[in-house]
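Numbering (this note's numbering), first residue to last: 1 to 290. The next block holds one structure in the form of structure tokens; read it before the comments.
Structural data, given as structure tokens:
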């Protein structure tokens with residue numbers, strides 16, 4: 001009960017500093033558990049900073065100190081974490097879990113009625129902060145682009161984000177390097193609606209795949225908005241900040257616990273219409289990776 005009470009109070013980080021939140025705790029908790037509580041809030045602050053810390057490019061190095069601070073903190077991430085933790089655990093459960101893009105049956109997805117793909121960048125298409133497609137998945141990405149007639153886009157928490165890349169210079173640099181368009185949008189994952197995506201593709205959100213390596217950003221964003229979510233495993237954890245590694249461990253632990261309690265991904269419109277099992281969207285174990 002005590003831990004649950006603290007979790008509820010911890011979600012209030014979004015409305016002020018950790019000191020302000022501690023001040024609002026009941027006197028019993030402030031007087032007897034201050035050390036433990038401070039450590040708890042320190043971890044939550046670390047988690048907030050780890051929500052899709054953006055890759056650094058030449059354009060991001062020129063940002064003001066305020067913009068850099070804003071890029072390293074994701075208020076919608078910590079807010080959504082509280083909501084997922086307390087009420088919407090299903091949002092963190094992907095419809096499909098795979099090793100990487102080579103394990104996805106693009107033809108089956110297209111035949112089922114999906115018409116477009118949205119990708120996270122780091123550890124989904126590239127190594128962290130890299131500007132080249134991860135070589136082992138390059139052909140699988142090309143197969144995806146061919147199957148979906150080029151209807152694929154990157155949804156980044158830095159490039160293309162109005163607050164930090166208002167002129168689209170960083171987005172243009174990523175597009176030139178990777179050969180994949182970058183969505184211009186207004187809010188970081190997991191917050192925001194799918195309006196930018198549906199406008200860009202000219203289709204319903206239920207027809208879009210959201211593919212990424214983070215449960216509490218990519219998967220939550222996709223499930224909140226009715227997309228079909230695919231979680232891929234990260235390529236390379238070397239070079240990632242310790243805060244991101246800590247956040248990954250937390251995500252994986254929570255998702256494992258929730259799945260153990262029977263939690264499943266939310267129902268998705270295309271799956272309801274077709275009655276298909278998500279397993280048919282995976283490459284069969286004996287089939288060679290494309």
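Yeah, the Cβ is synthetic: ideal placement off N, Cα and C, and Gly gets one too. Because the structure is a prediction, the values reported are computed rather than measured.
Asked	Found
Considering residue 280, what are the terminal residues of the alpha helix (DSSP H) in which it resides?	It is not in any alpha helix (DSSP H) - residue 280 carries neither H nor E in the DSSP assignment.
Hey, how far is the Cα of residue 86 from the Cα of residue 217?	16 angstroms
If you run the structure through DSSP and keep just helix, strand and coil, what is residue 248?	helix
Report yes if the CB atom of residue 282 is closer than 7 angstroms to the CB atom of residue 103, and no otherwise.	yes
Tell me which same chain residues have a C-beta within less than 7 angstroms of the C-beta of residue 159, skipping the five on either side of it?	165, 170, 171, 174 and 182
What runs of the alpha helix (DSSP H), each 4 residues or longer, lie entirely inside the stretch 154–231?	169–178, 195–201 and 220–224
Taking the C-alpha atoms as reference points, what is the distance between residue 294 and residue 201?	With the chain covering 1 to 290 only, the question about residue 294 has no answer from this structure.
Give me, in chain order, the residues of the same chain whose beta-carbon lies closer than 6 angstroms to that of residue 234; leave out the 5 immediate sequence neighbours on both sides.	123 and 213
May I ask which residues mark the beginning and end of the beta strand (DSSP E) holding residue 97?	96–98
Please determine, among 78, 239, 228 and 279, the residue with the shortest C-alpha to C-alpha distance to residue 119.	228
Looking only at its own chain, which residues have a Cβ that is under 6 angstroms from the Cβ of residue 280, when we skip the five neighbours before and after it?	108
Go ahead and pull the three-state DSSP assignment for residue 124.	coil
Taking residue 215 and residue 251 to be in contact with their CB atoms under 8 angstroms, please state how far apart those CB atoms are, rounded to whole angstroms.	4 angstroms
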